[in-house]
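Novice: Following this message is one structure expressed as structure tokens.
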Amino acid sequence: MARLTFCGAARTVTGSAHLLEWGDRSILMDCGLYQGRRRDAFERNRQFCFDPKKVGAVVLSHAHIDHCGNLPSLVRRGFEGPIYATAATADLARVMLMDSAEIQESDVAYVNRQRKRDGKRPFEPLYTVKDARRAIEMFEPVDYQREYELFPELHASWHDAGHMLGSASLAVRIQEPSTAPIRLVFSGDIGRRDTPILRDPEPPSGADYLLMESTYGDRLHPPRQDITSILKHAIHEAFSRNAVLLVPAFSVGRTQEVIYRLNELAEAEHLPELPVFVDSPMANEALNVFKSHPECFDDETIRRISTEEDRDPLGFTHLHLIRTVEQSRRLNDFDGPCVIIAASGMCESGRILHHLKHHVSNPATIVMFTGFQAPETLGRRLLDGVTPVNILGRSLEVRAEIDRVDGMSGHADRDELLEWFESVRAGGAPKGIALVHGEPEAQESLAAELRQRGIADVRIPDLGETWELTPNG
Ligand SMILES: [Zn+2]
Ligand SMILES: [Zn+2]
37 MARLTFCGAA RTVTGSAHLL EWGDRSILMD CGLYQGRRRD AFERNRQFCF DPKKVGAVVL
97 SHAHIDHCGN LPSLVRRGFE GPIYATAATA DLARVMLMDS AEIQESDVAY VNRQRKRDGK
157 RPFEPLYTVK DARRAIEMFE PVDYQREYEL FPELHASWHD AGHMLGSASL AVRIQEPSTA
217 PIRLVFSGDI GRRDTPILRD PEPPSGADYL LMESTYGDRL HPPRQDITSI LKHAIHEAFS
277 RNAVLLVPAF SVGRTQEVIY RLNELAEAEH LPELPVFVDS PMANEALNVF KSHPECFDDE
337 TIRRISTEED RDPLGFTHLH LIRTVEQSRR LNDFDGPCVI IAASGMCESG RILHHLKHHV
397 SNPATIVMFT GFQAPETLGR RLLDGVTPVN ILGRSLEVRA EIDRVDGMSG HADRDELLEW
457 FESVRAGGAP KGIALVHGEP EAQESLAAEL RQRGIADVRI PDLGETWELT PNG
């Protein structure tokens, strides 16, 4: 007998955290940040639906902030480790958590200056850099496809999820004395086949209970565009206009995929002679993590680094990594065509803002979006053709060409989720499925299809709800 409590990502996407209890022990699967309206996030990320001191271990699916970003808070509130994750996830989580802790500290400092003026007591940060460092020290790296005994009654293994470097689905087996085992599979975030660099998802085989993401449970991705040739075309256009190509991109994942594709072009000698600047310290750190984990690469990438003269799939002659703020500012004076890749992907913060401010009113500039733009973000306004826009306190006419390249999504669509499910089921059908990590409409739609396919118990749990898991027979 075991119990699973949904402590986050219930009827929403972010804040992944699920508590698995058996006997008098428990582990937490993921410990993500809830991202939403400020006030909600403030409350939710501070309150756990369990006592962090009593949790025996954390098992992590991957390093996205909505899956690992609340670990420092867990530590701050008494959790003592260990945190099991693949080696690449552990390294990427270090980059993500340090960045997140700095943001937590500076956000609260800003709010507290205002509160002090108003004579109010200061807020405590959700967590500090020190908390993040402590969490980072608790990581225990694991390999893919090996079963680990985390407790005498609990074994776990990590299986490629194809979603980001190091990402995994988790297979957990609970074996209590004199009962049959319970097999629980947690999908984590499921990626797509043929994502550059990464191996395709390799779903665990068979489950008694399945905990599954449902982000795109009601949507199909458009047919994949030839992303590399769209990038190539934009670069040649910028080159012939003697202009700047701005690529807003998330620091971890998307930026490295763009670099990988540009590297392909460079090797095929399809890249004109122009510099490519990566202007994001976090992206550059993540780039180093990517390079140090070839065990996560797919066959194509392995073949390239073992057969070509140039052994670096993420570096080429004209690639320049920008580190300091001073170097970043100096790019404004750069004369001649160039590519600038910078965060944030939705243009809400980060160095992309000062590049946009500098170039967006120039009709020769090209801005190429590489990912989803949420409503109310500057990225979305630019895509929607809004002009003028407000950037860093200035109202600016948008004269640049605004483009987008689709198809770099890190998430499986409805058909791909169902394919993943069928592959798990081929090794033994689950008695029940719980859908998490999705908006309610997407979840209802996927649940209906799974019931159609013969799974009677498909649930869409509420936050804090508990699921009783029973052994077979
Ligand atoms: Zn993710
Ligand atoms: Zn996620």
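Going from the sequence shown to the working numbering is simple: count from 1 and add 36. Glycine is no exception: its CB is placed at the ideal position from the N, C-alpha and C atoms.
Starting from F457, trace the alpha helix (DSSP H) in both directions and tell me its first and last residue.
Specialist: As a first step, residue 457 is located in the sequence shown; it is residue number 421 there, counting from the start. Segment R450 to R461, the alpha helix (DSSP H) holding F457.
Novice: Determine the DSSP secondary structure at R153, reduced to helix, strand or coil.
Specialist: The count along the sequence shown starts at 1 and reaches residue 153 at position 117. Of the three classes helix, strand and coil, the one that applies to R153 here is helix, per DSSP.
Novice: Under 8 angstroms from any heavy atom of ligand 2, does the C-beta of H54 make it?
Specialist: Translated into positions along the sequence shown, residue 54 becomes position 18. Result no, Cβ not under 8 angstroms from ligand 2.
Novice: Count the other CB atoms within 10 Å of the CB of F370; is the residue buried (16 or more) or exposed (fewer)?
Specialist: Numbered from 1 along the sequence shown, position 334 holds the residue referred to as residue 370. Exposed, by the Cβ-count rule.
Novice: May I ask you to list the residues that DSSP assigns as paired with A425?
Specialist: Locating residue 425 in the sequence shown gives position 389, where the first residue counts as 1. It is Val, not Ala, that sits at residue 425 in the sequence shown. Partner(s): L432.
Novice: Quick check on the burial criterion: 16 or more other C-beta atoms within 10 angstroms. Buried or exposed for K90?
Specialist: In the sequence shown, the residue the question calls residue 90 occupies position 54. Looking at its Cβ environment, which holds fewer than 16 other Cβ atoms inside 10 Å, K90 is exposed.
Novice: Distance, Cα to Cα, Y252 vs D498?
Specialist: Reading the sequence shown from its first residue, position 216 is the one you call residue 252. Reading the sequence shown from its first residue, position 462 is the one you call residue 498. Taking the straight line from one Cα to the other gives about 19 angstroms.
Novice: Relative to ligand 1, what is the chain-ordered list of residues with a Cβ closer than 5 angstroms to any of its non-hydrogen atoms?
Specialist: This criterion selects H100 and D225.
Novice: Are the segment 323-337 and the segment 112-124 touching, with three or more C-beta to C-beta distances below 8 angstroms?
Specialist: Flag = yes, the segment 323-337 and the segment 112-124 touch.
Novice: Short check: CB of M196 to CB of L234, under 9 angstroms?
Specialist: Numbered from 1 along the sequence shown, position 160 holds the residue referred to as residue 196. Numbered from 1 along the sequence shown, position 198 holds the residue referred to as residue 234. The sequence shown places Asp at residue 196, rather than the Met named in the question. Yes.
Novice: Counting pairs of Cβ atoms below 8 angstroms between the segment 431-451 and the segment 388-408, do you hit three or more?
Specialist: Yes, they touch.
Novice: Under 8 angstroms by Cβ, that's how I've got D167 and R112 pegged, so tell me the actual separation to the nearest angstrom.
Specialist: On the sequence shown, residue 167 is found 131 positions in, with the first residue counted as 1. On the sequence shown, residue 112 is found 76 positions in, with the first residue counted as 1. Sure, about 5 angstroms apart at Cβ, within 8 angstroms.
Novice: For R297 and G446, I'd like the C-alpha separation in whole angstroms.
Specialist: Sequence index remark: in the sequence shown, residue 297 carries index 261 (1-based). Sequence index remark: in the sequence shown, residue 446 carries index 410 (1-based). If I take the Cα positions, the gap works out to 16 angstroms.
Novice: Would you kindly report the start and end of the unbroken beta strand (DSSP E) that includes A379?
Specialist: The residue given as residue 379 occupies position 343 in the sequence shown. Taken as a continuous stretch (DSSP letters only), A379 belongs to no beta strand (DSSP E), as it is neither H nor E.
Novice: Can you check whether the CB of R359 is closer than 9 angstroms to the CB of P317?
Specialist: Stepping through the sequence shown from its first residue, residue 317 is reached at position 281. Stepping through the sequence shown from its first residue, residue 359 is reached at position 323. Yes.
Novice: Rounded to the nearest angstrom, how far is the Cβ of G92 from that of R73, given a contact under 8 angstroms?
Specialist: Counting from 1 along the sequence shown, the entry for residue 92 is found at position 56. Counting from 1 along the sequence shown, the entry for residue 73 is found at position 37. Contact doesn't hold; Cβ gap of about 33 angstroms is too wide.
Novice: Where E331 and H98 are concerned, what is the direct C-alpha to C-alpha distance, given to the nearest angstrom?
Specialist: For the purposes of this step, residue 331 is taken as the residue at position 295 of the sequence shown. For the purposes of this step, residue 98 is taken as the residue at position 62 of the sequence shown. Looking at the two C-alpha atoms, the distance is approximately 16 angstroms.
Novice: Under 8 angstroms, with one C-beta from each stretch per pair, do the segment 101-121 and the segment 150-167 reach the 3-pair mark?
Specialist: They touch, by the three-pair rule.
Novice: Could you check if D335 is buried or exposed, using at least 16 other CB atoms within 10 Å of its CB as the buried criterion?
Specialist: For the purposes of this step, residue 335 is taken as the residue at position 299 of the sequence shown. The residue in question, D335, is exposed, as its Cβ has fewer than 16 Cβ neighbours within 10 Å.
Novice: With D196 as the anchor, note down where its alpha helix (DSSP H) starts and where it stops.
Specialist: Counted from its first residue, the sequence shown places residue 196 at position 160. D196 -> not in any alpha helix (DSSP H); beta strand (DSSP E) instead, spanning L190 to D196.
Novice: Can you give me the C-alpha to C-alpha distance between D236 and R157, rounded to a whole angstrom?
Specialist: Position 200 of the sequence shown, counting from 1, holds the residue named residue 236. Position 121 of the sequence shown, counting from 1, holds the residue named residue 157. Between D236 and R157, the C-alpha separation is close to 51 angstroms.
Novice: Should E452 be counted as a contact of ligand 2 given a C-beta to heavy atom distance under 8 angstroms?
Specialist: As a working mapping, residue 452 is identified with position 416 in the sequence shown. The answer is no for E452.
Novice: Is T48 near ligand 2, with its Cβ less than 8 angstroms from a heavy atom?
Specialist: As a working mapping, residue 48 is identified with position 12 in the sequence shown. Not under cutoff, so the answer is no.
Novice: Does the Cβ of L449 lie closer than 8 angstroms to at least one heavy atom of ligand 2?
Specialist: Translated into positions along the sequence shown, residue 449 becomes position 413. Going by the sequence as given, residue 449 is Asp instead of Leu. No, since every heavy atom of ligand 2 falls outside the 8 angstroms radius drawn around the Cβ of D449.
Novice: Let me check understanding here. Comparing Cα to Cα, which of R82, H390 and D420 lies closest to A410?
Specialist: Along the sequence shown, read from residue 1 onward, the residue named residue 410 stands at position 374. Considering only alpha carbons, the answer is D420.
Novice: Residues in its own chain within less than 6 angstroms of R47 by CB, not counting five upstream and five downstream?
Specialist: Position 11 of the sequence shown, counted from the start, is the residue given in the question as residue 47. P476, listed in sequence order.
Novice: Could you spell out where the alpha helix (DSSP H) holding T413 opens and where it closes?
Specialist: To locate residue 413, count along the sequence shown from 1; it is residue 377. Element bounds for T413: n/a, residue is neither H nor E.
Novice: Checking the sheet assignment: what are the DSSP bridge partners for H356?
Specialist: On the sequence shown, position 320 is the one that residue 356 refers to. DSSP output for H356 lists F313 as bridge partner(s).
Novice: For the beta strand (DSSP E) holding A512, just list the boundary residues, first then last.
Specialist: As displayed, the chain neither begins before 37 nor continues past 509, which places residue 512 out of reach and without an answer.
Novice: Would you mind working out which of S287, S276 and H329 sits nearest E309, comparing C-alpha positions?
Specialist: Against the sequence shown, residue 309 aligns to sequence position 273. Minimum Cα distance to E309 is reached at S276.
Novice: Please name the residue or residues paired with R61 in a DSSP beta bridge.
Specialist: Position 25 of the sequence shown holds residue 61. Paired residue(s): W58.
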